[in-house]
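Presented below is the structure to which this report refers.
In our numbering, the protein residues as written are 176 to 323.
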């Protein structure tokens with residue numbers, strides 16, 4: 176079985192294009208501010224300086240130079256529980272719906288964000304700590320939190 180010369184040349188050209196695209200991809204990935212370890216969980220870390228923020232465990236870390244913007248949450252921010260219709264919000268031991276509920280945070284109860292965000296179960300989770308009792312802390316869904 177003979178391979179046509181044109182088919183052989185086309186196969187070589189296509190192979191070279193794939194190698195070239197792979198080299199470009201690797202170069203861009205190593206020069207970016209993204210560390211990709213495991214995309215099942217990722218964390219966005221605001222960073223006011225230059226460089227990459229690093230965290231331990233399997234997570235995606237994105238370093239940015241974005242200051243606090245209204246409606247955008249960050250570690251250290253004061254927030255309160257909102258939009259629960261008075262039912263309160265389950266604060267969990269770990270981020271995600273598989274986390275064991277630790278307690279029920281009351282509507283308008285004030286907290287400080289101490290860790291996060293983590294995206295699990297298609298939701299953005301923040302670890303929060305009660306302003307009045309720092310021992311009262313856990314993970315909550317962002318959609319029920321509002322800036323003070």
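Note that the Cβ used here is the ideal one computed from N, Cα and C, for glycine as well. Predicted model, so just to flag it, every value in this text is computed and none were measured.
Taking all protein chains shown into account, residue 198 has fewer than 16 neighbouring C-beta atoms within 10 Å of its C-beta and is therefore exposed. DSSP places residue 315 in the uninterrupted beta strand (DSSP E) bounded by 312-316.
Taken through DSSP and simplified to helix, strand or coil, residue 304 comes out as strand. One Cα belongs to residue 202, the other to residue 317, and the distance between them is close to 35 angstroms.
A check of alpha carbon separations from residue 319 across 298, 311, 309 and 307 identifies 298 as the nearest. The criterion of a C-beta distance shorter than 7 angstroms is satisfied by residue 266 and residue 315. Beta-bridge partners assigned by DSSP to residue 280: 264. For residue 292, the enclosing beta strand (DSSP E) stretches over residues 285-295. Partner residues in the beta bridge of residue 298, as assigned by DSSP, are 295.
With contacts defined by Cβ atoms closer than 7 angstroms, residue 253 and residue 287 form a contacting pair. At the C-beta level, residue 290 and residue 259 stay beyond 7 angstroms of one another.
If you ignore the 5 residues before and after residue 279, its C-beta comes within less than 8 angstroms of the C-beta of 263, 264, 265 and 266, all in its own chain and listed in chain order.
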